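**Student:** My questions all concern the structure below.
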Amino acid sequence: MATAYVTNSESNTVSVINTQSNQVIATIPVGELPDNIVITPNGRRVYVTNVLPSTISVINTQSNRVIATIPVRGTGDLAITPNGRRVYVLDVSFETVSVINTQSNRVIATIPAIPFPWGIVMTLNGARFYVTHPRFDAVSVISTESNRVIATVPVGRRPGDMGITSNGRRVYVVNNLSNTVSVINMQSNRVIDTIPVGKVPVGIAFTRTRLSRSLVKGRKKVVRLSRPLIKRHKGLYSPFMK
Numbered sequence: 007m008a009t010a011y012v013t014n015s016e017s018n019t020v021s022v023i024n025t026q027s028n029q030v031i032a033t034i035p036v037g038e039l040p041d042n043i044v045i046t047p048n049g050r051r052v053y054v055t056n057v058l059p060s061t062i063s064v065i066n067t068q069s070n071r072v073i074a075t076i077p078v079r080g081t082g083d084l085a086i087t088p089n090g091r092r093v094y095v096l097d098v099s100f101e102t103v104s105v106i107n108t109q110s111n112r113v114i115a116t117i118p119a120i121p122f123p124w125g126i127v128m129t130l131n132g133a134r135f136y137v138t139h140p141r142f143d144a145v146s147v148i149s150t151e152s153n154r155v156i157a158t159v160p161v162g163r164r165p166g167d168m169g170i171t172s173n174g175r176r177v178y179v180v181n182n183l184s185n186t187v188s189v190i191n192m193q194s195n196r197v198i199d200t201i202p203v204g205k206v207p208v209g210i211a212f213t214r215t216r217l218s219r220s221l222v223k224g225r226k227k228v229v230r231l232s233r234p235l236i237k238r239h240k241g242l243y244s245p246f247m248k
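Okay, so the sequence shown: first residue is 7 according to our numbering, each after it adds one.
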């Protein structure tokens, strides 16, 4: 049975939906103001950020119960490595990244000096992840081996959401105030193209067809792409929109 997990920020719960019947089959209490969510590649665990009191709820997908609560310094967007061993949680307030070991469900490292981190996306091999910095118009590239920033890429104004191509060669970055999407070459970590889109783009999602389409949410604009891409879920909310 395929299921979807939905965070309900005002209910402090996670809804579990059976995607065949489109019915809610379980409601799981978590922390206050649950926000971002990821599922391990094997589908056995769900990690949910709770804004208050800055914790991560770990849900067992067989029992649909919280099996661990992980305290972190602060919460934001999060990503998981392809092998499911590490979860990286952005902390916007304290400008750090918490590294969680998914076997022990404990924070094993904190990456400091990450200014106003907002969006995060993991490479397909799990060797690096990319973080957007809306206040500084840049994207950081961080090594998962050293937990250090290995490159900083200037992009457009107020970058937010991101997506990676299915071949792992390009990162597409939505620039909220530039009304553009920056395309980063992941080998050189440089911007190789800038795509103009509609006003105030916020999120980006991709299909897997050969001639793919990218919908940048702001004012409707469709950009045709030459390669299949993976989907990014985040983008319905932005700190830049009132």
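Glycine included, every Cβ here is placed at the ideal spot set by N, Cα and C.
Everything numeric in this text was worked out from a predicted model, so none of it was measured.
Hey, V93 and T116: beta-carbon distance below 9 Å or not?
**Tutor:** As a first step, residue 93 must be located in the sequence shown, where it is residue number 87. As a first step, residue 116 must be located in the sequence shown, where it is residue number 110. Taking 9 Å as the Cβ cut-off, V93 and T116 do not qualify as a contacting pair.
**Student:** Could you pull the DSSP bridge partners for E16 from this structure?
**Tutor:** Stepping through the sequence shown from its first residue, residue 16 is reached at position 10. None; E16 has no bridge partner.
**Student:** Please say whether T13 and V72 have beta carbons closer to each other than 9 Å?
**Tutor:** Your numbering for residue 72 matches position 66 in the sequence shown. Your numbering for residue 13 matches position 7 in the sequence shown. No, they are not a contact pair.
**Student:** Exposed or buried, T25, counting other C-beta atoms within 10 Å across all chains shown (16 or more means buried)?
**Tutor:** What you label residue 25 is simply residue 19 of the sequence shown in a count that begins at 1. Exposed, because fewer than 16 other Cβ atoms sit within 10 Å of the Cβ of T25.
**Student:** I need the straight-line Cα distance from N185 to Q68, nearest angstrom please.
**Tutor:** Translated into positions along the sequence shown, residue 185 becomes position 179. Translated into positions along the sequence shown, residue 68 becomes position 62. Cα-Cα distance, rounded: 43 Å.
**Student:** Under DSSP, the beta strand (DSSP E) around Q29 begins and ends at which residues?
**Tutor:** Position 23 of the sequence shown, counted from the start, is the residue given in the question as residue 29. Counting along the chain, the beta strand (DSSP E) containing Q29 begins and ends at 29-35.
**Student:** Can you give me the C-alpha to C-alpha distance between D83 and R196, rounded to a whole angstrom?
**Tutor:** Translated into positions along the sequence shown, residue 83 becomes position 77. Translated into positions along the sequence shown, residue 196 becomes position 190. In a straight line, the C-alpha of D83 is about 23 Å away from that of R196.
**Student:** Roughly how many whole angstroms lie between the Cα atoms of T200 and P160?
**Tutor:** Here residue 200 refers to the residue found at position 194 of the sequence shown. Here residue 160 refers to the residue found at position 154 of the sequence shown. Straight-line Cα distance between these residues: approximately 12 Å.
**Student:** In terms of DSSP beta bridges, what is P165 paired with?
**Tutor:** To locate residue 165, count along the sequence shown from 1; it is residue 159. Per DSSP, N181.
**Student:** With H, G and I counted as helix, E and B as strand and the rest as coil, what does DSSP make of D199?
**Tutor:** Reading the sequence shown from its first residue, position 193 is the one you call residue 199. If DSSP states are grouped into helix, strand and coil, D199 belongs with the strands.
**Student:** Work out the CA separation of V179 and N66 for me, nearest whole Å.
**Tutor:** In the sequence shown, counting from the first residue as 1, residue 66 sits at position 60. In the sequence shown, counting from the first residue as 1, residue 179 sits at position 173. Spanning the two alpha carbons is a distance of roughly 32 Å.
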